[in-house]
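Notes follow once the structure below has been shown.
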Amino acid sequence: MAETSTIGSGVALVGCGSATPSQRISNDQLGQRVDTSDAWIRSRTGISARRVIGPDETLTGLSHQAAANALTMAGWESESVDLIILATSTPDDLFGSAPQLQAILGARGAVAFDLTAACSGFLFALVTAAQFLRTGAMRRALVIGADQLSRWVNWDDRRSCVLFGDGAGAVALEATSAAQNGLLGFQLKSDGSRGDCLNLPQVQNYLSLVAGNSHQQGGFQSIQMNGQEVYKFAVREVPAILQTLLKATNTAPESLDWLLLHQANQRILDAVGDRFAIPQAKVLSNLAEYGNTSAATIPLMLDEAVQDGRIKPGQLIASSGFGAGLSWGAALVRWQGPI
Ligand code: COA
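Structure follows, in structure tokens:
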């Protein structure tokens, strides 16, 4: 076949990393706070524990650890990074935490910004970064998915607090020839008309500004969720978008090495795996230990499976993220590892 590729026409995933907080809260411990039980949480969600950021930790710090690990695996100097996208809905600074991350990493040449798409954030950021690399405008990108939903969970609401945890994961993405391309296809979707089944609205707190005029004092409520509606959304839309992706890329489900879904609920993972007759051993899952870490779940799971040798260079991974917005997406990825 004729070599038509040029640098800038492909992107490769050449490194990954992750970091989680040190505080681990088991289901039994949560049961001391709200009326729930280990048996209920495990049977309805598959979750056994979650990590929660403590007083000495920050989202930026976790993101730094994850990104630094990805840099090390990729064998990159931090100064060679052109782009940093931090997918998060829970930055340390509402103006964005990515520039702080850039500074701590010493990635002086990189432009850095946050991207918010809740639990779909990592996939949205991966696809966004790939556009900069594919045009040839940039060569090296770090994509980080990180969240600290523990700050915004109502820890007295048993219907939602049992689901979430904190964490960070990162991927190093490099412009390559088309022959080495590792992002084989993607689909992204939004539907704001259904957004009220999972959101984190601002408080309505209007204060007097000057005579006859008021201003809203900023602040957020806690996570509001209609669990059943979100569940139905996930088991309907995730198989549908994966089906579209597989068809568009002419990929048979049996040719996939791994299914790497947003880690929200084991029952959702099982339902999607069953839909494509993908054996359970190929459906990656670590939510038992971490719960739903929002934008972090996919890179956190990727890093764990790369580190323990399950995911090997050249393997084909179908990934899907979904969550608040509502937003959802899917990507077909070939893991490369260090070039
Ligand atoms: N412990 C014990 N009982 C609980 C409970 C808890 N943590 N949470 C809810 N219950 C109770 C409810 O109060 C209800 O009791 P009732 O029948 O007496 O009213 C009963 O369990 C069933 O509640 P229901 O909401 O129907 O449970 P469910 O089977 O739908 O499971 C979720 C609830 C949240 C686990 C499930 O809907 C879910 O996973 N949804 C998706 C959420 C999600 O993934 N969100 C993030 C997406 S990015």
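So the sequence shown is residues 32 to 370, counted in this note's numbering.
Where a beta carbon is used, it is the ideal one built from N, C-alpha and C, also for glycine.
Please read all numbers here as calculations on a predicted model, not as lab measurements.
C-alpha of P232 to C-alpha of F251: approximately 6 Å in a straight line.
Given a length threshold of 3 residues, each whole run of the beta strand (DSSP E) inside the stretch 199–269 is given here in chain order: 214–221, 237–241, 244–247.
Here DSSP, grouped into helix, strand and coil, assigns D69 to helix.
Its Cα nearest to that of A206, the residue S111 stands out among S94, S111, F353.
No heavy atom of ligand 1 is found nearer than 7 Å to the CB of A156.
Where F353 is concerned, the enclosing beta strand (DSSP E) starts and stops at 347–354. In the three-state reduction of the DSSP assignment, N281 falls in the coil class. Unbroken alpha helix (DSSP H) stretches of 4 residues or longer found wholly inside the stretch 83–133: 90–105, given in chain order. Under the Cβ criterion (8 Å, minimum of three pairs), the stretch 342–356 counts as touching the stretch 215–233.
With contacts defined as CB atoms closer than 8 Å, L154 and S316 fail to qualify as a contacting pair. When DSSP reads this structure, I175 sits in a beta bridge with L117, A201. With contact defined as three or more Cβ pairs closer than 8 Å, the stretch 318–336 and the stretch 173–185 are in contact.
Annotation: L93 to T51 spans about 7 Å, alpha carbon to alpha carbon. Across the set G368, I115, G243, D124, the C-alpha of I115 shows the shortest separation from the C-alpha of L164. In this structure, the beta-carbon distance from S286 to L333 does not fall below 8 Å. Closest option to Q133, judged by alpha-carbon separation, among G198, D66, L117, M104: L117. For L180, the shortest C-beta to heavy atom distance toward ligand 1 is 7 Å or greater.
Between the C-alpha atoms of S253 and Q211 there is a straight-line separation of about 44 Å. At least one heavy atom of ligand 1 lies less than 7 Å from the C-beta of V193.
Scanning its chain for C-beta atoms nearer than 6 Å, with the 5 sequence neighbours on each side dropped, one finds around M256 the residues S191, L229, in chain order. The alpha-carbon of L276 is positioned some 44 Å away from that of N236. When C-alpha distances from A361 are compared across L290, G41, V142, the shortest belongs to L290.
In this structure, the beta-carbon distance from A161 to L90 does not fall below 8 Å.
Scanning R298, F307, V337 for the CA closest to the CA of R75 turns up R298.
Its chain contains S120, L229, S325, A326, G354, A355, G356, S358 as the residues whose beta carbon lies nearer than 8 Å to that of A149, once the 5 sequence neighbours on both sides are disregarded; these appear in chain order.
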